[in-house]
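The sequence shown runs contiguously to residue 370 in our numbering. Using N, Cα and C, we set each Cβ at its ideal position, and we do this for glycine too. Only a predicted model underlies this, so the values are computations on that prediction, with no experimental measurement involved.
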Amino acid sequence: MSYLWGILGWAVVLATLWDAFTTIVVPKTVERGASFSGAYYNFTWALWHRIAGALKDGPLRMSVLTSFAPISMLLLFLLWAASLALGFALIQFSHGSLGDGSPFTQYLYFSGETFFTLGYGDMTPKHGIGQFISVLEAGTGFAFLALVIGYIPVLYGHFSTREQLIVQLDSRAGSDPSVGQLLAKYGHSGAMEDLVALLKDWEIWSAKQLEAYLSYPVLAFYRSQHDDQSWLCSLTCILDTCAVIEMGFGDDHPWAKRLQFQAQATFAMGRHVIVDLAYLLNAGPDFKAPSRLPDSTYDQLCKMLNDAGIGIQQGRIEAFRQRRAMYEPYCISLAKDLLFTLPGWVPQPGAVENWQLTAWDRANHF
Numbered sequence: 005m006s007y008l009w010g011i012l013g014w015a016v017v018l019a020t021l022w023d024a025f026t027t028i029v030v031p032k033t034v035e036r037g038a039s040f041s042g043a044y045y046n047f048t049w050a051l052w053h054r055i056a057g058a059l060k061d062g063p064l065r066m067s068v069l070t071s072f073a074p075i076s077m078l079l080l081f082l083l084w085a086a087s088l089a090l091g092f093a094l095i096q097f098s099h100g101s102l103g104d105g106s107p108f109t110q111y112l113y114f115s116g117e118t119f120f121t122l123g124y125g126d127m128t129p130k131h132g133i134g135q136f137i138s139v140l141e142a143g144t145g146f147a148f149l150a151l152v153i154g155y156i157p158v159l160y161g162h163f164s165t166r167e168q169l170i171v172q173l174d175s176r177a178g179s180d181p182s183v184g185q186l187l188a189k190y191g192h193s194g195a196m197e198d199l200v201a202l203l204k205d206w207e208i209w210s211a212k213q214l215e216a217y218l219s220y221p222v223l224a225f226y227r228s229q230h231d232d233q234s235w236l237c238s239l240t241c242i243l244d245t246c247a248v249i250e251m252g253f254g255d256d257h258p259w260a261k262r263l264q265f266q267a268q269a270t271f272a273m274g275r276h277v278i279v280d281l282a283y284l285l286n287a288g289p290d291f292k293a294p295s296r297l298p299d300s301t302y303d304q305l306c307k308m309l310n311d312a313g314i315g316i317q318q319g320r321i322e323a324f325r326q327r328r329a330m331y332e333p334y335c336i337s338l339a340k341d342l343l344f345t346l347p348g349w350v351p352q353p354g355a356v357e358n359w360q361l362t363a364w365d366r367a368n369h370f
């Protein structure tokens, strides 16, 4: 019977180490695999989603949603540590390292003391095998601590990189961002050729986020610092922009071909991020959702662009619908799963950009 406890203990230790190693260290592919951390996030986010979904829109709901990612990550670290301590306790128990008659609770205490290297010295193994296992557990505890310490800065480094372009989009596309606001601002300013550089930045951003989300899917749950900004909202706005640009413009502008080429490249990379992350989070595309662009809104969009001197071609509306169908169902599904609100195609009446507000009174001073 003691050997069974030992086998169970080694299984718990090795499974926990493998889960932590593959979650933190190993670069991942888009394939979903069964894992403890994956099941953990599926369960905890489903519970958190239900709690947040029952709350009204406001500061409390946003605080609940914002707290999920850091809290769930810390709880996962604690679960890994507890599993390792439990596994080593089972191994020591199978060998009777503390002497015959010692209850399992003492082995749990001894294992926790060893794993966290407390060094009380009130309990010591009675034979060489127990001493070797204790050394192995202490080394595992140190390695685990180093892994956690190294993981957190990397994760927050990716988060910081993600937020930079999102914040910059505020003054260009509004809060919430919209393709109508973005293109109209560039059109009125006579700076459409500069839009090529912006879309190029978003192509690079998307490539970086694709790598980051595949390696650290928990990043998707980290929300932006401003309530009306999010990575999904911003990326959807950019995909909307690319879809509109690819329709073509009514006049023969010198910047049109370069802009359309860059829009195609940015669209491809941005869609790659959306589709892969939807697969990782098991958020299947929602093909039955209502259209994000009703006819009345489309007419508003066309008027905004005509007023800015960049009217779009009207003969490619079917190609435009097909382009939208390549990403919108995934964006809608992700928004439902992550409790985000997708941006509109035109700015909301009276909308004020974040840079025009102060955190003191949320008043418009411009």
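Residue i and residue j closer than 8 Å at C-beta
| i | j | result |
| --- | --- | --- |
| Leu102 | Pro63 | no |
| Trp235 | Leu297 | no |
| Leu305 | Tyr217 | no |
| Ala247 | Arg327 | yes |
| Ile314 | Leu187 | yes |
| Trp9 | Leu88 | no |
| Val152 | Phe81 | yes |
| Gly145 | Thr121 | yes |
| Leu263 | Ile249 | yes |
| Phe92 | Phe136 | no |
| Leu243 | Phe265 | no |
| Gln185 | Gly178 | yes |
| Pro333 | Ala287 | no |
Backbone secondary structure at residue i - three-state DSSP
| i | result |
| --- | --- |
| Phe120 | coil |
| Phe291 | coil |
| Phe114 | helix |
| Ile316 | strand |
| Phe163 | helix |
| Phe108 | helix |
| Gly253 | Note that residue 253 is Phe in the sequence shown, not Gly. Residue state, collapsed to three classes: strand. |
| Gln212 | The sequence given here has Lys at residue 212, not Gln. Lys212: helix per DSSP, three-state reduction. |
| Asn286 | coil |
| Arg176 | helix |
| Leu343 | coil |
Euclidean distance between Cα positions of residue i and residue j
| i | j | result |
| --- | --- | --- |
| Cys335 | Ala15 | 40 Å |
| Met330 | Pro289 | 10 Å |
| Leu112 | Ala73 | 29 Å |
| Ile316 | Leu346 | 23 Å |
| Phe370 | Asp299 | Note on Phe370: pLDDT 40, under 50, position unreliable in the model; no value is reported. |
| Ala50 | Ser76 | 12 Å |
| Val222 | Ala24 | 14 Å |
| Gly252 | Met196 | 13 Å |
| Ser6 | Ala19 | 20 Å |
| Ala367 | Ser219 | The predicted model places Ala367 with a pLDDT of 48, which falls under 50 and marks its position as unreliable; any figure quoted below should be read in that light. Going by the C-alpha atoms only, they are around 40 Å apart. |
| Gln233 | Val183 | 15 Å |
| Val17 | Leu140 | 11 Å |
| Gly57 | Ile11 | 43 Å |
Bounding residues of the alpha helix (DSSP H) (the contiguous stretch that carries residue i)
| i | result |
| --- | --- |
| Leu66 | Note that residue 66 is Met in the sequence shown, not Leu. Its alpha helix (DSSP H) spans residues Pro63 to His99. |
| Ala38 | No alpha helix (DSSP H) holds Ala38; DSSP gives it neither H nor E. |
| Met127 | Segment: none, Met127 is in no alpha helix (DSSP H) and carries neither H nor E. |
| Arg227 | Segment: none, Arg227 is in no alpha helix (DSSP H) and carries neither H nor E. |
| Met330 | Neither: Met330 is in no alpha helix (DSSP H) and is coded neither H nor E. |
Residue i Cβ short of 7 Å to the ligand GTP heavy atom set
| i | result |
| --- | --- |
| Val183 | What this structure holds is no ligand at all, so the ligand GTP is not there to describe. |
From the options, residue whose alpha carbon lies closest to that of residue i
| i | options | result |
| --- | --- | --- |
| Tyr190 | Leu309, Pro294 and Ala142 | Leu309 |
| Asp341 | Leu284, Gln352, Arg325 and Asp311 | Leu284 |
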